[in-house]
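**Student:** One structure follows; several queries about it will come next.
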Amino acid sequence: MAQEEPAAPLATIGDFLKLDIRVGTVVRAEAFPEARKPAIKLWVDFGPELGEKKSSAQITVHYKPEDLVGRQVLAVVNFPPRQIGPIQSEILVLGASDPDGAIILLAPDKPVPNGARMH
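Sequential numbering of the sequence shown, starting at 1, is according to this note's numbering.
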């Protein structure tokens, strides 16, 4: 069972506004066998302003690549790129841990335009 994490320190609205969290649609997903921990490579469309961005996500417990295409996800789009093995991750796809610590993706409960900002 996943351990409960302590609450983060208080943040200001200014801290929150520094994060650019957007909705995008997964347009491509592939297994990522080169990753140290089981992962899936994702290509997410954030609309005409931001375009398509790629990431690696450790979500293999609950998701298969073929089931992710067409699904909307939330991601932080303004972190600096990070090298994950052979790919450069451009976004951080958001999720929450289930009771066993496996990641469940966060997503809007109704369709929204790609690139819509969380607020």
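Positions of the beta carbon are idealized from the N, C-alpha and C atoms, including for glycine.
So the candidates are 104, 14 and 85; which of them puts its Cα closest to the Cα of residue 61?
**Tutor:** It is 104.
**Student:** Among the residues of its own chain, which have a CB less than 8 Å from the CB of residue 30, if the five just before and after it don't count?
**Tutor:** Taken in chain order, the residues that qualify are 40, 41 and 65.
**Student:** Quick check on residue 83: buried or exposed, where buried means 16 or more other Cβ atoms within 10 Å of its Cβ?
**Tutor:** By the 10 Å Cβ count, residue 83 comes out exposed.
**Student:** Compare the beta carbon distance of residue 95 and residue 46 with 8 Å and say whether it is the shorter of the two.
**Tutor:** Cβ distance not < 8 Å, so residue 95 and residue 46 don't count as in contact.
**Student:** Please state whether DSSP places residue 85 in a helix, a strand or coil.
**Tutor:** DSSP places residue 85 in coil when its eight states are reduced to three.
**Student:** Under three-state DSSP, which class holds residue 95?
**Tutor:** Strand at residue 95.
**Student:** Alpha carbon to alpha carbon, how far is residue 85 from residue 91?
**Tutor:** Rounded to whole angstroms, residue 85 to residue 91 spans 15 Å at the Cα level.
**Student:** With C-beta atoms as the reference, is residue 108 less than 8 Å away from residue 26?
**Tutor:** No; because the gap between Cβ atoms is not below 8 Å, this pair is not in contact.
**Student:** For residue 45, which three-state DSSP category applies?
**Tutor:** Strand at residue 45.
**Student:** For residue 120, collect the residues of the same chain with a Cβ closer than 7 Å to its Cβ; drop the 5 residues on either side in sequence, then sort them by chain order.
**Tutor:** In the structure as shown, the chain begins at 1 and stops at 119. Residue 120 is therefore absent and cannot be evaluated.
**Student:** What does a CB cutoff of less than 8 Å around residue 9 pick up in its chain, not counting 5 residues either side in sequence?
**Tutor:** Excluding positions up to five away in sequence, the list is empty.
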